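Position 20 of the sequence shown, counting from 1, maps to 213 under this note's numbering, and the rest follow consecutively.
Glycine included, each C-beta is placed from N, C-alpha and C at the ideal position.
All of these numbers come straight from a predicted model, not from anything done at the bench.
What follows is a set of notes on a single structure, which appears directly below.
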Amino acid sequence: MSLNIKPIGDRVVVEAAAAEEKTASGIIIPDTAKEKPQRGTIVAVGDGKVDEPLTVKVGDQVLYGKYAGTEITYDGKEYLIMRESDIYAVL
194 MSLNIKPIGD RVVVEAAAAE EKTASGIIIP DTAKEKPQRG TIVAVGDGKV
244 DEPLTVKVGD QVLYGKYAGT EITYDGKEYL IMRESDIYAV L
């Protein structure tokens, strides 16, 4: 995972996991009804704040808020840039 984006400060770049294609019972979910994923993999991290180093690292699987971050497209792939405080948990 070589990404040439370097976030500034306490921001991280997350590659969102794919949305669920079908339910646990096997019902296929159409594209219009798919929910935005709230899980992803960190692909780049900033340096953190002077008095607060980052606690996450590249490769961590994380859970984040439904509307967290800003969506960007880089080299044809979708990413989210968000603050570390928008991350709820590391899996």
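Asked, Found
"For residue 245, which three-state DSSP category applies?", "coil"
"Whole angstroms is fine: what's the gap from residue 249's alpha carbon to residue 259's?", "19 Å"
"Taking 8 Å as the cut-off, decide whether the C-beta atoms of residue 234 and residue 205 are in contact.", "no"
"What span of residues does the beta strand (DSSP E) with residue 231 cover, start to end?", "Here residue 231 belongs to no beta strand (DSSP E), and DSSP marks it neither H nor E."
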